[in-house]
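S.K.:
Protein chains: 2
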Amino acid sequence: MRHARLPASEEIALEDVFHALSDPFRLEVVRRLATEGEQSCQALEGDRPKSSVSHHFRVLREAGLIRTRNEGVTRMNALRRDDIEQRFPGLLACVAPRRDD
Amino acid sequence: MRHARLPASEEIALEDVFHALSDPFRLEVVRRLATEGEQSCQALEGDRPKSSVSHHFRVLREAGLIRTRNEGVTRMNALRRDDIEQRFPGLLACVAPRRDD
DNA sequence: TCGATAGTTCGATATTTTTCGAACTTTGGC
DNA sequence: GCCAAAGTTCGAAAAATATCGAACTATCGA
Numbered sequence: 001m002r003h004a005r006l007p008a009s010e011e012i013a014l015e016d017v018f019h020a021l022s023d024p025f026r027l028e029v030v031r032r033l034a035t036e037g038e039q040s041c042q043a044l045e046g047d048r049p050k051s052s053v054s055h056h057f058r059v060l061r062e063a064g065l066i067r068t069r070n071e072g073v074t075r076m077n078a079l080r081r082d083d084i085e086q087r088f089p090g091l092l093a094c095v096a097p098r099r100d101d
Numbered sequence: 102m103r104h105a106r107l108p109a110s111e112e113i114a115l116e117d118v119f120h121a122l123s124d125p126f127r128l129e130v131v132r133r134l135a136t137e138g139e140q141s142c143q144a145l146e147g148d149r150p151k152s153s154v155s156h157h158f159r160v161l162r163e164a165g166l167i168r169t170r171n172e173g174v175t176r177m178n179a180l181r182r183d184d185i186e187q188r189f190p191g192l193l194a195c196v197a198p199r200r201d202d
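Chains as they are written, first to last, in my numbering: chain R, 1 to 101; chain X, 102 to 202.
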């Protein structure tokens with residue numbers, strides 16, 4: 001499987017982050033990753049077809065907001081909390097509550 | 102002149118703010134309003150036609166990011182710094198340097 | 001090796017945004 | 001009242017995004 005482009009922390013662009021978060025579904029995904037931690041795609045799909053869900057996860061990935069790893073047959077998505085915080089301190093706090101962990 | 106819709110502080114929606122800031126021209130406008138204070142539209146237009154500039158200012162206004170007042174024949178645009186800070190603390194700090202004033 | 005599961009990719013269509021000229025509005029000055 | 005300056009609005013065309021089915025890929029288990 002070809003791997004999606006994942007920008008390094010210092011390559012994350014504010015415009016891209018804002019664009020990614022301007023969609024209600026994607027904003028909700030980020031919030032849930034923030035509160036609930038790593039999730040599979042289907043755990044967060046809200047009865048959308050998978051191609052649509054996959055598209056939104058890709059936008060989040062390419063903007064630098066999430067990282068995806070394989071775990072068996074599923075793909076687990078995690079918020080790149082530290083990378084985002086380092087690049088744009090305070091941004092995540094505006095968006096998503098801190099996870100209690 | 103009919104006045105554009107200006108959301109109250111508590112009506113400002115994060116999605117709208119993110120959408121407004123996802124355009125490079127609008128992000129730059131917000132940064133300049135933040136550093137240089139109130140500006141006319143034409144002071145910030147970068148050789149774009151005025152209808153295009155006007156469109157972008159409208160998006161910023163409707164998202165709740167700026168406020169516009171008449172001053173003679175020009176319209177002065179100001180960042181709604183306090184309203185945004187109250188609604189989404191820390192957001193502006195990610196975007197725009199604080200104005201020294 | 002054969003299914004089944006979880007996503008991804010492709011392609012086509014629909015929706016949303018952006019762009020820009022032309023006409024219009026408002027205000028100030030002569 | 002008339003003109004100029006600064007924006008706004010309208011409408012149409014171009015560009016970017018979103019949506020969704022169908023075909024494809026990768027991994028696990030039997």
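Every residue gets a Cβ at the ideal spot worked out from N, C-alpha and C, and that includes glycine.
#1: Pairing CB atoms from the stretch 169-177 of chain X with CB atoms from the stretch 116-136 of chain X, are three or more of them under 8 Å?
#2: Going by C-alpha distance, which of X:Thr136, X:Arg170, X:Ser123, X:Leu122 is nearest cysteine 142 (chain X)?
#3: Does any residue of chain R bring its CB to less than 7 Å from the CB of serine 123 (chain X)?
#4: Report yes if the C-beta distance between valine 30 (chain R) and alanine 96 (chain R) is below 7 Å; otherwise report no.
#5: With DSSP collapsed to three states, give me the class of glutamate 137 (chain X).
#6: Using a Cβ cut-off of 7 Å (strictly closer), state whether glutamate 111 (chain X) contacts chain R.
#7: Name, in chain order, the residues that DSSP records as bridge partners for alanine 179 (chain X).
#8: Are the CB atoms of isoleucine 12 (chain R) and arginine 87 (chain R) within a distance shorter than 7 Å?
#9: So, does the CB of phenylalanine 119 (chain X) fall closer than 7 Å to a CB anywhere in chain R?
#10: Using a Cβ-Cβ cut-off of 7 Å, state whether glycine 165 (chain X) counts as contacting chain R.
#11: Any C-beta of chain R sitting closer than 7 Å to the C-beta of glycine 191 (chain X)?
M.R.: Well, looking at it:
#1: no
#2: X:Arg170
#3: yes
#4: yes
#5: helix
#6: no
#7: X:Arg168
#8: yes
#9: yes
#10: no
#11: yes
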